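Peer 1: In the working numbering, the protein residues as written are 43 to 338. Quick reminder that beta carbons are idealized off the backbone N, C-alpha and C, glycines included. On a predicted model such as this, the values are computed, not experimentally measured, just so you know.
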């Protein structure tokens, strides 16, 4: 079953295995070689709908205490291996919500809690942002100034800003200072370090923080200059989850997070990232560039 995982990783592992079992089980329809649809899988089951099963397979939910539905699905999928059944039930039993995220869930956009849970478990993260300092690199002052700039437009409250800044700093701490820290590769568009957020002191402190992080062995940060080659118009992050399939996450115009583990999508965004890495300033050039900005 792989190494011991956090809550989101366990839900994801459970979901992946259930999806594979469903897609490869003996078919109900005679004209189908194998597998059954989600609609067929949940037929007649109480408190388990087709959309709910879809979310379970994506790792967003588990069966909580309704182990009966899990056992019924496994029976329908033709699973007779007692050890496998036991392992899947244990994955479900050991997958509560992350306590540290619970207090923030009420104001997070759709899909974001799931992403944040996976972010803290990633082996490596490759991320790009064209216009804003990537979240895990931000200082507290920069993050606060960024959210304050949006208050009149987004009609948010001081409490909203406070909680989001707290969450951002907690994310940064959990990802970058944990035992065996994540390998972080970041590409920032030049606009991200040129557009002022807050006053000069906020930006100077932010430049110094990026320089500090760029000197860490497990962190690589590159600036993509205005006049150099290919660049994506949208921010994204690619999560390497070790034994689990990698996932790519993007934000839409409504602020919701969309994620995919489809190989075609992951490969597409990986090509984009690699193309930008190839034309961006090197790490030492980036440090020199930011050092010059900090002196102004």
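Which residues mark the beginning and the end of the alpha helix (DSSP H) in which residue 105 is found?
Peer 2: Per DSSP, residue 105 belongs to no alpha helix (DSSP H) and is neither H nor E.
Peer 1: Quick check: the Cα distance between residue 142 and residue 75, rounded to an integer number of angstroms?
Peer 2: Near 45 Å, if we compare the C-alpha coordinates of residue 75 and residue 142.
Peer 1: Please list the segments of the beta strand (DSSP E) lying wholly inside the region 257 to 308, counting only runs of 3 or more residues, in order along the chain.
Peer 2: Runs of the beta strand (DSSP E) inside the region 257 to 308: 261 to 266, 278 to 282, 289 to 293, 299 to 302.
Peer 1: Per DSSP, what kind of secondary structure is residue 227 in: helix, strand or coil?
Peer 2: In the structure shown, residue 227 sits in a strand (DSSP, three-state: E or B).
Peer 1: Whose C-alpha, out of 292, 319, 334, is nearest the C-alpha of residue 151?
Peer 2: Of the listed residues, the one whose Cα sits closest to residue 151 is 292.
Peer 1: Buried or exposed: residue 50, going by 16 or more other Cβ atoms within 10 Å of its Cβ?
Peer 2: Burial call: buried.
Peer 1: Can you check whether the CB of residue 187 is closer than 9 Å to the CB of residue 124?
Peer 2: For residue 124 and residue 187, no; Cβs fall outside 9 Å.
Peer 1: Please state whether DSSP places residue 137 in a helix, a strand or coil.
Peer 2: Its pLDDT being 47, under 50, residue 137 is placed unreliably in this model, and the coordinates cannot settle the point.
Peer 1: Under DSSP, the beta strand (DSSP E) around residue 170 begins and ends at which residues?
Peer 2: Looking at the DSSP string, the run of the beta strand (DSSP E) that includes residue 170 is 166 to 171.
Peer 1: Round the Cβ separation of residue 204 and residue 178 to the nearest angstrom and send it over; I've been treating them as touching at under 8 Å.
Peer 2: Not really, about 19 Å apart at Cβ, beyond 8 Å.
Peer 1: May I ask which residues mark the beginning and end of the alpha helix (DSSP H) holding residue 322?
Peer 2: Taken as a continuous stretch (DSSP letters only), residue 322 belongs to no alpha helix (DSSP H), as it is neither H nor E.
Peer 1: Within 8 Å, do at least three Cβ pairs link the region 257 to 267 to the region 219 to 237?
Peer 2: Judged by Cβ distances under 8 Å, the region 219 to 237 makes contact with the region 257 to 267, as three or more pairs qualify.
Peer 1: What are the boundary residues of the alpha helix (DSSP H) that residue 150 is part of?
Peer 2: That residue, residue 150, is in no alpha helix (DSSP H); it is neither H nor E in DSSP.
Peer 1: Would you report the Cα separation of residue 300 and residue 294, rounded to the nearest angstrom?
Peer 2: Between residue 300 and residue 294, the C-alpha separation is close to 7 Å.
Peer 1: Find the nearest neighbour of residue 133 within the set 113, 122, 162, judged by alpha-carbon distance.
Peer 2: Looking at the Cα atoms, 113 is the closest of the given residues.
Peer 1: Which first and last residues belong to the alpha helix (DSSP H) in which residue 119 is found?
Peer 2: Segment: none, residue 119 is in no alpha helix (DSSP H) and carries neither H nor E.
Peer 1: Does the structure place the region 307 to 322 close enough to the region 268 to 278 that three or more beta carbon pairs sit under 8 Å?
Peer 2: Counting Cβ pairs under 8 Å, three or more are found: they touch.
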